[in-house]
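Numbering (mature numbering (1 follows the signal peptide of the UniProt record, and there is no 0)), first residue to last: -32 to -1, 1 to 670. Worksheet for the structure shown next.
Given below as structure tokens:
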């Protein structure tokens, strides 16, 4: 009996989500000097020597006010709401008294004139500091500039030195008031200079390492995929690919290992995973840069806690870009690389593991720093930045247990909800954590914009496709009372490969959708229709046939509304274009994925081996199979009803054919064990035969 339901249809065309990287970068509301990331277009202290001079005397009282701060032009008394000992670039006080206090300005100019020539700082750089940082501190504000230029103030300061005498000049006592032109001691200035140089250099390393991780995670698959463009596709390339398709250990890749502990990656996937783990391990620690004496990190232990703690936090945020890109349906790398969606999901999980470890390391190291060295843990732990940071850490950490394979298999929809809610909480808490500490000044939040932008663009493209395709009527017909399979016919839609279906009228969970393979599709058109006219004359009438798409799915029951076998678009099928023959091995409803491939295959011959238990399922697909065997192409169809396909014999027979020396395309879609069997046979026989092999695994695994 047919059931009707409103259906929303979403295609699988992939658009370049990475364009948002540039747009988000340009739109990021950062307000520090420069644009972008620290060390990559943005700087904190320019020059170090001048900022160190100001840091020595900024805590001293000046004659006009003890600590009068300005709110002019939206400037607050400090650049953040919370004092941060390990980030002095966000604790400088803004004081307009500095602009008109002669003692302060002359003391500052003498210090700059003494120390900056050692670094070869140009006068133009010093004047830029003078015009924007004397009162404002680290964040440039040219509206707060001294009324007297640096050169004029320095000239007056040197006159004071000449009048008093070099040896009789007083020295600034840090934190104590002064009201006359004074000198700055080297022992007071050097730790602050080293601290600022140390901090900015390491912040630059943090961002460079983070950018290297994000860029290489995305670019490496592209570079590796270029191997398929080798001229002539030599047989050695086919053998090399066959060896990479083997599981790293054992013979199971699709089938879960050790009581659903996880999925064994292939050798090729393992190479990428090893690179990711090695790159994260190295770039979270190296390069090491330390200067002593140092007001931020007085000892090596504190240095390592600060440097590695901050770097793991920055690198973790950079992982958001590949993490969210690899999991998206509109992943542009699917089409650039020809890699399977399941491969990108596997890499998504491993990058996620790295992110969780790095976030946890960041939180642990900051905990130890404030507990053992800064001695302010009780105060810090009650402030919003700390609370939000811990909330983000726990949210990221909870994603792991809720994403384990047994959870995904048994309650997939619960996994999806928990996964997305926890991810949203973690990213939002991270953004607020950064905002409380640094507001929008230093570009740390750019990684949040980029990762979130990829996620929102993917969702926007999904909605755009739904709107463009509109509402459709789906007719669901049970194939047989005993079988669980349902035939779905959709009028007004022509599709290829796979599509995502939303069936909002069949359940209150209207947002749920799953991918299905297209069994057959007709684009529509005009068709002659012979009819009897007046006087029994045969007359021909042109009838317009609407587009139609047919799917075969397993009936929906319970919390999870997906099919037993579902499929994501696999651009690797384009590699079949240079094959001379095609072998398709299907199990059960996996026939829906391979039949369209046989229809569109342009080679000499095709062979289909189908193992199926249900006779009603065979009858349901019989019209499509009959269309293949009766067509102009040479198609051999063998159906094994109630018994397993002898995979090893079939693959060996095709590989050793004497009448065909061209490449053989092998496509498998069915139970996980069948896919693993085909994979292992090809891995064993591929290097021994004279034919090249293009292997495509269309089976679904969790």
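In this text, a Cβ means the ideal position worked out from N, Cα and C, and glycines have one as well. Model, not experiment: these values are computed from the prediction.
What is the DSSP secondary structure of residue i, counted as helix, strand or coil?
i, result
"residue 475", "coil"
"residue 485", "strand"
"residue 104", "coil"
"residue 189", "helix"
"residue 503", "Any reading at residue 503 needs caution, since the residue's pLDDT is 42, under 50, leaving its predicted position unreliable; the model's value is listed next. In this structure, residue 503 counts as helix in the three-state DSSP scheme."
"residue 655", "helix"
"residue 278", "helix"
"residue 272", "helix"
"residue 151", "strand"
"residue 495", "At residue 495, the pLDDT of 42 sits below 50, so the modelled position is not reliable and the matter cannot be decided from this model."
"residue -11", "For residue -11, the predicted model reports a pLDDT of 41, less than 50, meaning its position is unreliable; a value from the coordinates is still stated below. Three-state DSSP puts residue -11 in a helix."
"residue 410", "coil"
"residue 258", "coil"
"residue 42", "Because residue 42 carries a pLDDT of 38, less than 50, the predicted location of this residue cannot be relied on, and the following value inherits that uncertainty. Here residue 42 sits in helix by DSSP."
"residue 668", "coil"
"residue 143", "coil"
"residue 417", "helix"
"residue 110", "coil"
Just tell me which of the options has its CA closest to the CA of residue i.
i, options, result
"residue 181", "17, 664 and 319", "319"
"residue 671", "87, 92, 85 and 24", "Within the shown structure, residues of the chain are numbered from -32 to 670, placing residue 671 beyond reach of any answer."
"residue 110", "1, 141 and 618", "1"
"residue 17", "554, 98 and 375", "98"
"residue 21", "64, 141 and 115", "141"
"residue 286", "269, 610, 244 and 273", "244"
"residue 170", "402, 279 and 81", "279"
"residue 602", "422, 610 and 575", "575"
"residue 210", "634, 668, 638 and 640", "634"
"residue 7", "293, 595, 177 and 433", "177"
"residue 548", "557, 569 and 13", "569"
"residue 255", "240, 454, 276 and 340", "276"
"residue 593", "666, 26, 565 and 335", "565"
"residue 167", "265, 240 and 205", "265"
In angstroms, rounded to a whole number, what distance separates the CA positions of residue i and residue j?
i, j, result
"residue 535", "residue 186", "Confidence at residue 535 is low in this model, with a pLDDT of 36, below 50, so the placement of that residue should be treated as unreliable; the coordinate-derived value is given next. Near 23 Å, if we compare the C-alpha coordinates of residue 186 and residue 535."
"residue 42", "residue 436", "Any reading at residue 42 is ruled out, since the residue's pLDDT is 38, under 50, leaving its predicted position unreliable."
"residue 608", "residue 390", "46 Å"
"residue 157", "residue 259", "14 Å"
"residue 326", "residue 284", "6 Å"
"residue 303", "residue 297", "11 Å"
"residue 216", "residue 441", "46 Å"
"residue 398", "residue 189", "28 Å"
"residue 5", "residue 172", "8 Å"
"residue 83", "residue 19", "11 Å"
"residue 95", "residue 106", "15 Å"
"residue 613", "residue 213", "21 Å"
"residue 317", "residue 248", "15 Å"
"residue 472", "residue 551", "38 Å"
"residue 661", "residue 193", "17 Å"
"residue 498", "residue 600", "Here residue 498 scores only 39 on pLDDT, less than 50, and its place in the model is too uncertain to base an answer on."
"residue 400", "residue 428", "24 Å"
"residue 623", "residue 195", "23 Å"
"residue 394", "residue 104", "34 Å"
"residue 509", "residue 459", "Note that residue 509 has pLDDT 43, beneath the 50 cutoff, so the model's placement of it is unreliable and the number below is only indicative. Residue 509 and residue 459: Cα-Cα distance of roughly 22 Å."
Starting from residue i, trace the alpha helix (DSSP H) in both directions and tell me its first and last residue.
i, result
"residue 3", "Counting along the chain, residue 3 falls outside any alpha helix (DSSP H), though it belongs to the beta strand (DSSP E) covering 2 to 6."
"residue 439", "Run containing residue 439: none in the alpha helix (DSSP H); it sits in the beta strand (DSSP E), 439 to 446."
"residue 81", "70 to 83"
"residue 295", "288 to 295"
"residue 126", "118 to 132"
"residue 398", "380 to 406"
"residue 597", "583 to 597"
"residue 305", "301 to 305"
Which residues bound the beta strand (DSSP E) around residue i?
i, result
"residue 312", "Here residue 312 belongs to no beta strand (DSSP E); instead the alpha helix (DSSP H) covers 309 to 336."
"residue 663", "661 to 665"
"residue 676", "Given that the chain is displayed from residue -32 to residue 670, the structure contains no residue 676 and the question cannot be resolved."
"residue 362", "Segment 352 to 367 is the alpha helix (DSSP H) holding residue 362; no beta strand (DSSP E) there."
"residue 458", "453 to 459"
"residue 342", "Where residue 342 is concerned, there is no enclosing beta strand (DSSP E), given that its DSSP letter is neither H nor E."
"residue 578", "573 to 580"
"residue 64", "Neither: residue 64 is in no beta strand (DSSP E) and is coded neither H nor E."
Flag this pair as touching only if the segment 345 to 356 and the segment 232 to 243 have three or more C-beta atom pairs under 8 Å; answer yes or no.
no
Counting pairs of Cβ atoms below 8 Å between the segment 213 to 231 and the segment 637 to 649, do you hit three or more?
yes
Inter-stretch contact (C-beta, 8 Å, three-pair minimum) for the segment 475 to 489 and the segment 554 to 565
yes
Are the segment 306 to 314 and the segment 365 to 383 in contact at 8 Å, needing three or more beta carbon pairs?
no
Would you say the segment 151 to 161 touches the segment 71 to 86, given that touching needs at least three Cβ pairs under 8 Å?
yes
State whether the segment 371 to 383 contacts the segment 330 to 343, with contact taken as three or more CB pairs (one from each stretch) at a distance under 8 Å.
no
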